[in-house]
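Take the sequence shown: its letters are residues 622 to 798, numbered as in my numbering. Each residue gets a CB set at the ideal place from its N, CA and C atoms; glycine is no exception. Model, not experiment: these values are computed from the prediction. Note sheet for the following structure.
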Amino acid sequence: SANLIFKTSQSSNLRFSATRTVARPQLRELAPFLFTEYFGARDIYGNPKLDRTSIMNLDARFEWFPTLSEVAAVSLFYKDFRKPIEKVILPAGNRGTDSFENAEGAQNAGVELELRKNLGFAHPKLADWGALANLTLVYSRVSLGESQLGLQTNSERPLAGQSPFVVNLGADYANDK
Numbered sequence: 622s623a624n625l626i627f628k629t630s631q632s633s634n635l636r637f638s639a640t641r642t643v644a645r646p647q648l649r650e651l652a653p654f655l656f657t658e659y660f661g662a663r664d665i666y667g668n669p670k671l672d673r674t675s676i677m678n679l680d681a682r683f684e685w686f687p688t689l690s691e692v693a694a695v696s697l698f699y700k701d702f703r704k705p706i707e708k709v710i711l712p713a714g715n716r717g718t719d720s721f722e723n724a725e726g727a728q729n730a731g732v733e734l735e736l737r738k739n740l741g742f743a744h745p746k747l748a749d750w751g752a753l754a755n756l757t758l759v760y761s762r763v764s765l766g767e768s769q770l771g772l773q774t775n776s777e778r779p780l781a782g783q784s785p786f787v788v789n790l791g792a793d794y795a796n797d798k
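The structure is reproduced here in structure tokens:
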């Protein structure tokens, strides 16, 4: 990994990072036998030939700290996946069987907005409380090879399980006493 932080003012930073990570197959993705998920979905057959996924992560983030307990930030990110593990549908029976394959590649790109605000401005009794909000918007695309298509309708689609957005809201309480 490589990380650079530039102090753009007394209360703001500009951060850049590049990392290479891996995602290893889970046991259920590797298991060479047929099983059914708990909620009665399609049968699943693991694939013991799966390789790990290599991921290149690039991030840029501007963060502003109006006070010691507050932050407003915007981040841009890009992720390039080599051999991502994707769920595929194999032709079998009436409904098909789920399994896993290493796709050719995939990409994620997006923006993340973060805000952490102390609530003491509303009333002095709320000075120990803070509100948090985070919004992430993601565009993802995976490419399956022709030999991996199975019953899939197309060779390019969003990554399995990748939501196009994530929203987090929260409250914090901090008191040194």
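*So, do the segment 653 to 669 and the segment 718 to 732 have three or more beta carbon pairs nearer to each other than 8 Å?*
yes
*Take aspartate 672 and list the residues in its own chain whose beta-carbon comes closer than 7 Å to its own, dropping the five residues that flank it on each side.*
Annotation for aspartate 672: Lys704 and Asn723 place their beta carbon closer than 7 Å to its own, counting only its chain and skipping 5 residues before and after.
_If you follow the alpha helix (DSSP H) that glutamate 650 is in, where does it begin and where does it stop?_
Following the DSSP letters along the chain, one finds glutamate 650 inside the alpha helix (DSSP H) bounded by residues 648 to 651.
*asked:* Short of 6 Å in beta carbon distance, which residues of its chain neighbour leucine 697, apart from the five on each side in sequence? Order them along the chain.
replied: Shown here for leucine 697: same chain residues with a beta carbon closer than 6 Å to its own, the five before and five after excluded, namely Ala681 and Val732 in chain order.
*By Cβ distance, which residues of its chain are closer than 8 Å to glutamate 777, with the 5 residues on each side in sequence left out?*
Arg762, Val763, Ser764 and Leu765
*Please decide whether leucine 655 counts as near chain B, where near means a Cβ-Cβ distance under 7 Å.*
No chain B appears in the structure shown, which is made up of a single protein chain.
*Excluding sequence positions up to five away, which residues of its chain have a Cβ less than 8 Å from the Cβ of serine 690?*
Hits under 8 Å: Arg737, Asn739, Gly751 and Ala795.
*Report the residue ranges of all beta strand (DSSP E) runs contained in full by the segment 635 to 720; include only those spanning at least 3 residues, in chain order.*
655 to 657, 664 to 666, 674 to 685, 692 to 703 and 706 to 711
*Is glycine 751 helix, strand or coil by DSSP?*
strand
*Bridge partners of asparagine 796, per DSSP?*
Paired residues: none, contrary to the question.
*Buried or exposed: where does alanine 639 fall if 16 or more other Cβ atoms within 10 Å of its Cβ makes it buried?*
It counts as exposed.
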